[in-house]
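Worksheet for the structure shown next.
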Amino acid sequence: MPEATILLIIASIVNALVLSSMYILLALGFTFLFNIMGILNFAHGAIYMIGAYICFFLATAVGINQWLAMLIAVAAVGLFGIFMERFAFRPFFGNINQIIVVCIGIITVLENGVSVSQGFIVQVTPPFVQGIFRVGIISISWERVVIFLIGISLLILVLLFINKTKQGLQMRAVAQDLEGAVLQGINVHFVSALACVIACALAALAGSLMGSYLSLTPYMGQDIMIKVLEILVLGGIGSINGVLFAGLIVGTLDAVLPIMVSGTATQALMMLIIIVILLFKPQGLFGKEVRG
Amino acid sequence: MILEIAGLTKNFGGLTAVSGMNITVNDGEVLGLIGPNGAGKSTLFNLITGVIQPTKGTVVFKGKDITGKRPHVIAELGIGRTFQLNPLFPNFTVLQNVVSSFQIRPRSNLFDTFFNTPVYRKNEAYILEQSLEILKLVGLYKVRNELAKNQPHGYQKMLGVARALAIKPELLLLDEPIAGMNPDEINNTIEAIRRTSQLGVTIILVEHNMKILEICNRVVVINFGQKIVEGTPREIKENPEVIKAYLGSGHDTQH
Amino acid sequence: MGSMIAAPNSNTHRKNLIPAIGYGAVICLLACLPLIFKSPYILHLFILTLIYIIAAASMRFIMTSGQIPLAHAAFLGLGAYVSAVLSKHMGLSPWLALIIAALVSMCVGIAISFPFARLKAFYYAMISLFFGVGLLQGIESLGKLTGGLAGITSIPTLFNTGSKVPYYYVFLALTIISLAILYRFEACRIGWNLKAIDQSYLVSSSVGISEVKYRVLAVAIGCFFVGLAGGMYANYNVTISPSSFDTTSTLWMIIYVAIGGTNDFAGPIIGTAVLFLIPQYFSGLKQYTPFVSAAILFTVVFAFRDGLVSIPRLIRTRYQRKKVKVQTDDS
Amino acid sequence: MKKISYPLALTSILLASFMVLMSLAGCTKTATTTAATTTTTTTTVQPIKTYTVGLLAELTGFLGSYNTATVNEAQIAVDMVNENGGIIVGGQNYNLKLVVEDGQSTLDGTTAAANKLIFNDNVKIIIGPDAYFNSAVSGLCEQNKILHIAGYCTMQPGEMDATTTYTFLGQAASINYFTGALAYLKANYPNVKTVALCMPDDGSIPYFGAAVQKMVEADGYTVAGSIIGYDNSAVDFSPYAAKIIATGADAVICCSGIALPNGSILKDVRDAGSNMLFVICNSTIPTDNITVAGTTESTNVVDCSAAYIGCPNPSADLQEMIQRYQLLVGNSNAPLVTLEYANPIWELGQVLNQANSFDPTVLKNTFANMTTIQTLYGPGTISGQQTFGINQAVSYQLPITTITNGVPTFQQWEPALVP
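Chains as they are written, first to last, in this note's numbering: chain Z, 1 to 292; chain G, 1001 to 1255; chain U, 2001 to 2331; chain D, 3001 to 3419.
Written out as structure tokens, the structure reads:
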């Protein structure tokens, strides 16, 4: 096999892993929110974007260390999550149309707000780590390695949180059966607020990381949003494993398809694959079978 | 003999909800299916009406194999049913519920419906008067123009029966018709069921409330997806296995 | 009122004489608009509004069956592209292309909704969303035929006059016809069966309503009209590009419906008129214009939960409550 | 589902039509006011009339922030024209005035905006739009006899060809930058034999891509693989980088596109361990590409771009422009964006003065007959017969810059003449 091909394969594997870890980070929060409150937060992508911009702003304009900037961004957006849960989601519980209206409102404000306020500068968050990591013919930028490691470790943390802590168990209880959880005396509002915070925080974190790895645009959230939905549905609602697995699939497709077909055809092919999978497994890959 | 169930089995992944069920139902009788919760009664109904597909076994209705047919096809063949939970269209009025349940006899095709032809108008007029008849029969005439979701539990159950009657069924499956009703509601319901069966409709009803036995000609007791005993209400009442089944599952016989 | 539910049969026709006159008045008013507003640009806005009204109304029709068609903008695009390609590259008459566009859109709708009918509410919404994105990207990746991201330009127009007045009247007529047909579908038993399926597919199938048949029917009708709207759009606007049929546009269509009011036939009409025209009025604000739309969204969604159509009802109830209060004060 | 109530529907429809009337009343009002108005300025004795010119920019959508900046430049250009004596037509002194409409970064939005400029604002001259949106405007302008000076062009059908006689290209477009880069490459990198071509998959590949490929092969290079079209909205560009490296070419030429994809691809190519010659030819200035790619990654790069701060000053006008722009944005070293609207306006001023008329047909003939014109980047020539089939594209010298370890060094001016 010629070296070029080997390099291509290796590069694709690396890209697949890095992208997947980002997608999974984003999708986890989103899936939380959906499982627990049945809310499709269409503004998730916009929140990812705003996270990235806050981090960028703190790291460049204010000029603090970008790791610190990232933490602040995560915290700030987490708080915004509480706000959203209280004023955007709770009032419209269970009405998808109104949720869509509110989310589009939020998206419009955030995207155009950023677009108007930032003016035209090409914006990139300063890299979190420099340099390139070389082993033989393989060569990866440390940045990607770090992003991947952070992604993985956060996944583990989140999974531990869901499975080990009291709040995590409450979340799963609420996700499985709302009435039951209420009868158990679980404070649903608290749980859902918590879910919102986690969702937004994870989104902000992913945003900050990607903001240094790619560059920022006010509309960077829109395409990510579709990816997140793909992962949610493909994985099957209410299944964390599903999210991990689907994230890996979507990430891999995204890393490999562009090499095979040109430009815009990739998305079409991607959707075709996902639709076919859904038709064979209507409940998603890890979704539970509904009892008649 | 109107319905014949042979070796009907349904597995959900691991657990077996119904296993090797054999039941025959005679014309015009009222057959009671009793058994504790989770015994597989509702699953049996869903299997008969095609809501879920059986793993194996056959269902034969009037000598016609209807195993695994789509629910609306089975309804057209004349099997009506009620549901244990939310048995109606909550956002329709009581009358609208019944009227929109008239789908089969008569049925107007899309052309007539869209162009509002005389045929369609005739059908609708007939349906309207029939619906009011049925509402009188089950005693919901006075609340006919109120929203179904605002009705008390008993009324909703009765409306379920009314809706099932709207398809002019030859076989009627009632899923816990008196569950959670107060005594006089129970009496009304039982009265209504009796009148319905006098119209010549064969009825299968599922209950775990023993009080239903008084209108059954024949009773089948099932537990863990299997038939335990079968016989007249009196025999059943004395049968030790039945009592064991009920006490075993921690249910008291009087609700 | 019970008698009205199954079908507006003879007596209801008499009952609706006054509204009928009212509708007539509105139509006359709309017909006079070109005489009131001479500016071609304003007619341009009107024409686009009419097109989007058809799209939104057809979307709401599908939604009555409990399916949220998140591919609807993509179908608008499909109609537009089919009509554009046929009339530009194949040299068909734009009128013929218009009809074919509607039919193609309907056929695609039927083709996908048979397999998709297995999927219930949320999964249907999502799979249709993915189909929409895929369809659009597919169209985009067709190279010279569809011009990719840059779209198709100089599409043959329906009339070769520069004036927009004929477009306005023709499209007004098409809109009224489409709305009338959709209205009839909704008011007759078909519409009621769709609503029944929406409320409980178990119960409706237990009385003999074929879930698949009616869901497919709803999608077919909806897609036909949205395809028609797409064709109108292409042959009027002479330029089309994928970016105006993407997911965001679908969500905006849902917003047109939701802001107007989902439960009312007039909902999408009002929602579209308000949300499409008011921002145009503020277009002087340049890059700040989107905030106007956002403001409208928030106001409506927080102030009138059931959409703009509920405003008169709210006023009426408020008024009645006052009257009651006065009476109680007297006694 | 609630039953449809007729009175409700009726009242609501009336409500809707009422709101429509309201808003449209508003529109008409603006329409009447935005027509040419007369103002007297105290500075001069003789009253100076104002003449309204339409500017079609993508103020919202994915080009929003970029165009907001270029519109600022355009405003400065207008001020400069006015202060240099304005326009004199028939002895009467005019000041230019801009009316800006938003094309929302979509073809349809641009069509709507063009309609508004022509039919609502009643302008006779349209500057812009950006990117590949000319196709929405050129036809309309031809139909209604409106002078149209585009700010960019990706050679999509309908943007600019023999049929669009009222359309001019007032600003270097992707083809100019490519011409410049290719000439420099040929002169200075003899050891480059095979090149990979990379450009956004925005539908221009069959046209611009084909033209580019022809020019490359005409200069004796072999194109490695087929043209690599990337999805502008891709989340991650590294797959394309991998694809580029896999072609094994000596150099990659990123034609057109903006800083985000080009810089990202550069970054990813370097991260993947390849040090191949990387040629960027687009209007975004080198520093932007460096910002996206990162300093360590931006090395062994040849960049043919718009003039930028740090390259030898081509003209006093540009110096003036830069100072005013920095004053406007309040940043003493803010780089210019691209002048994609300012330059056309600057040229328009000369055309108007030379034609001594506001009649678009006269203007168009004058413009078409001019062989040279003064641009903000220095002297410009009008050509394009071979590329566009019509001699109405303004070309001027472009700066060639090489980048090593994130440091741009100006090499030379390249007369990037559109064939």
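Glycine is no exception: its CB is placed at the ideal position from the N, C-alpha and C atoms.
Tell me whether U:G2077 is buried or exposed, calling it buried when 16 or more other Cβ atoms sit within 10 Å of its Cβ.
-> Start at 1 with the first residue of the third sequence, and residue 2077 of chain U comes out as number 77. Buried is the call here.
For the stretch 2145 to 2171 of chain U, enumerate the residues whose C-beta is nearer than 7 Å to any C-beta of chain D, in chain order.
-> G2147, G2148, L2149, A2150, G2151, T2153, S2154, G2162
What residues in the stretch 1048 to 1073 of chain G have a beta carbon less than 7 Å from any beta carbon of chain U?
-> T1049, V1051, P1071, H1072
For D:S3383, the residue or residues it bridges with in DSSP | By 1-based counting over the fourth sequence, the position of residue 3383 of chain D is 383. Bridge partners of D:S3383: D:A3393.
Going by DSSP, what residues sit across from D:W3255 in a beta bridge?
-> On the fourth sequence, residue 3255 of chain D is found 255 positions in, with the first residue counted as 1. In the sequence as presented, Trp is not what sits at residue 3255 of chain D; that position holds Cys. Partner(s): D:C3281.
List the residues of chain Z whose Cβ lies closer than 8 Å to the Cβ of D:L3260, in chain order.
-> The residue given as residue 3260 of chain D occupies position 260 in the fourth sequence. What D:L3260 touches in chain Z: V122, L214, S215, T217.
Do D:T3375 and D:Y3396 come within 7 Å of each other at the CB atom, strictly closer than that value?
-> The residue you call residue 3396 of chain D lines up with position 396 of the fourth sequence. The residue you call residue 3375 of chain D lines up with position 375 of the fourth sequence. It is a contact, given that the beta carbons lie within the stated cut-off.
Along chain D, in chain order, which residues have C-beta atoms closer than 9 Å to that of U:V2219?
-> Locating residue 2219 of chain U in the third sequence gives position 219, counting from the first residue. Going along chain D, no residue has its Cβ under 9 Å from U:V2219, so there is no contact; the nearest lies around 18 Å.
Between the stretch 2047 to 2081 of chain U and chain Z, which residues of the former have CB atoms less than 9 Å from a CB of the latter, in chain order?
-> M2063, I2068
Does DSSP put G:V1216 in a helix, in a strand, or in coil?
-> Taking the second sequence and counting its residues from 1, one reaches residue 1216 of chain G at position 216. According to the sequence shown, residue 1216 of chain G is Cys rather than Val. Note: G:C1216 maps to coil in three-state DSSP.
Minimum Cβ-Cβ distance from Z:P126 to chain D less than 7 Å = In the first sequence, the residue the question calls residue 126 of chain Z occupies position 126. No, because no Cβ of chain D sits closer than 7 Å to the Cβ of Z:P126.
The stretch 3059 to 3066 of chain D touching the stretch 3097 to 3112 of chain D, judged by at least three CB pairs closer than 8 Å | yes
Of the residues D:A3272, D:S3274, D:P3261, which one's Cα is nearest the Cα of D:S3289?
-> Residue 3289 of chain D sits at position 289 when you count from the first residue of the fourth sequence. It is Asn, not Ser, that sits at residue 3289 of chain D in the sequence shown. Of the candidates D:A3272, D:S3274, D:P3261, the one whose C-alpha sits nearest the C-alpha of D:N3289 is D:P3261.
Cβ neighbour criterion (16 or more within 10 Å) applied to G:E1124 = What you label residue 1124 of chain G is simply residue 124 of the second sequence in a count that begins at 1. Buried.
Residues of its chain near G:L1174, where Cβ-Cβ distance is below 6 Å and the 5 sequence neighbours each way are ignored = Translated into the one-based positions of the second sequence, residue 1174 of chain G becomes position 174. So the qualifying residues of the chain are T1082, L1205.
Which word fits D:C3311, buried or exposed, when buried means at least 16 other C-beta atoms lie within 10 angstroms of its C-beta?
-> Numbered from its first residue, the fourth sequence carries residue 3311 of chain D at position 311. Label assigned to D:C3311: buried.
Scan the stretch 1104 to 1157 of chain G and note each continuous alpha helix (DSSP H) run of 4 residues or more that stays entirely inside, going in chain order.
-> 1110 to 1115, 1118 to 1138
Excluding five sequence neighbours on each side, which residues of the same chain lie with their C-beta closer than 7 Å to the C-beta of G:N1223?
-> Position 223 of the second sequence, counting from 1, holds the residue named residue 1223 of chain G. Cβ within range, chain order: G1035, P1036, A1039, A1245.
Compute the Euclidean distance between the alpha carbons of D:P3195 and Z:L19, then round it to the nearest angstrom.
-> Here the question's residue 3195 of chain D lines up with position 195 in the fourth sequence. Here the question's residue 19 of chain Z lines up with position 19 in the first sequence. Contrary to the premise, residue 3195 of chain D reads as Val rather than Pro in this sequence. Each residue's alpha carbon lies about 29 Å from the other.
If you follow the beta strand (DSSP E) that G:L1085 is part of, which residue opens it and which one closes it?
-> The sequence position of residue 1085 of chain G within the second sequence is 85, counting from 1. Per DSSP, G:L1085 belongs to no beta strand (DSSP E) and is neither H nor E.
For U:P2290, which residues in chain Z fall below 7 Å Cβ to Cβ?
-> Residue mapping note: residue 2290 of chain U aligns to position 290 of the third sequence, counting from 1. Chain Z residues near U:P2290: T108, N112.
At a Cβ threshold of 7 Å, is D:I3126 touching chain U?
-> Numbered from 1 along the fourth sequence, position 126 holds the residue referred to as residue 3126 of chain D. No, D:I3126 does not count as interfacial toward chain U.
Please decide whether U:S2141 counts as near chain B, where near means a Cβ-Cβ distance under 7 Å.
-> No chain B is part of this structure, whose protein chains are labelled Z, G, U and D.
Is there a Cβ from chain Z that is less than 7 Å from the Cβ of U:L2314?
-> Here the question's residue 2314 of chain U lines up with position 314 in the third sequence. It does not: the Cβ of U:L2314 has no partner Cβ on chain Z nearer than 7 Å.
Opposite G:R1081 in the DSSP bridges: which residues?
-> Here residue 1081 of chain G refers to the residue found at position 81 of the second sequence. DSSP lists G:L1173 as partners of G:R1081.
Verify the CB distance criterion: does Z:Q66 have a CB-CB separation below 7 Å to chain U?
-> Residue 66 of chain Z sits at position 66 when you count from the first residue of the first sequence. Taking Cβ atoms only, chain U never reaches closer than 7 Å to Z:Q66, which makes this a no.
Could you tell me which residues DSSP puts in a beta bridge with D:H3148?
-> Counting from one through the fourth sequence, the residue named residue 3148 of chain D turns up at place 148. Its beta-bridge partners are D:I3126, D:T3167.
Is the beta carbon of D:D3202 sitting closer than 7 Å to the one on U:L2142?
-> Counted from its first residue, the fourth sequence places residue 3202 of chain D at position 202. Counted from its first residue, the third sequence places residue 2142 of chain U at position 142. No, the pair does not count as a contact, with Cβ atoms beyond the cut-off.
U:T2208 CB to nearest chain G CB: under 7 Å?
-> Here residue 2208 of chain U refers to the residue found at position 208 when the third sequence is read from its first residue. Here residue 2208 of chain U is Gly; the residue named in the question, Thr, does not match the sequence. Judged by the 7 Å Cβ criterion, U:G2208 is in contact with chain G.
Member of D:N3353, D:A3172, D:E3414, D:T3401 whose CA lies at the smallest distance from the CA of D:G3086 = Working through the fourth sequence from its first residue, we reach residue 3086 of chain D at position 86. Out of D:N3353, D:A3172, D:E3414, D:T3401, D:N3353 has the C-alpha closest to the C-alpha of D:G3086.
Since Z:Q222 contacts Z:T125 with CB under 8 Å, what's their CB separation in whole angstroms?
-> Here residue 222 of chain Z refers to the residue found at position 222 of the first sequence. Here residue 125 of chain Z refers to the residue found at position 125 of the first sequence. Their Cβ separation, rounded to whole angstroms, is 19 Å, which puts Z:Q222 and Z:T125 out of contact at 8 Å.
Could you tell me whether any Cβ in chain G is nearer than 7 Å to the Cβ of U:R2318?
-> Within the third sequence, numbered from 1, the residue matching residue 2318 of chain U stands at position 318. Chain G contact via Cβ: absent.
Which chain Z residues sit within Cβ distance under 7 Å of U:A2294?
-> Taking the third sequence and counting its residues from 1, one reaches residue 2294 of chain U at position 294. In chain order: G105, T108, V109.
In three-state DSSP terms, what is U:S2163?
-> In the third sequence, the residue the question calls residue 2163 of chain U occupies position 163. U:S2163: coil per DSSP, three-state reduction.
Can you check whether the CB of D:T3068 is closer than 7 Å to the CB of U:Q2342?
-> In the structure as shown, chain U begins at 2001 and stops at 2331. Residue 2342 of chain U is therefore absent and cannot be evaluated.
What residue from G:K1157, G:E1170, G:A1017 has the CA that sits closest to G:I1178's CA?
-> Counting from one through the second sequence, the residue named residue 1178 of chain G turns up at place 178. Comparing Cα-Cα distances from G:I1178 to each of G:K1157, G:E1170, G:A1017, the minimum goes to G:K1157.
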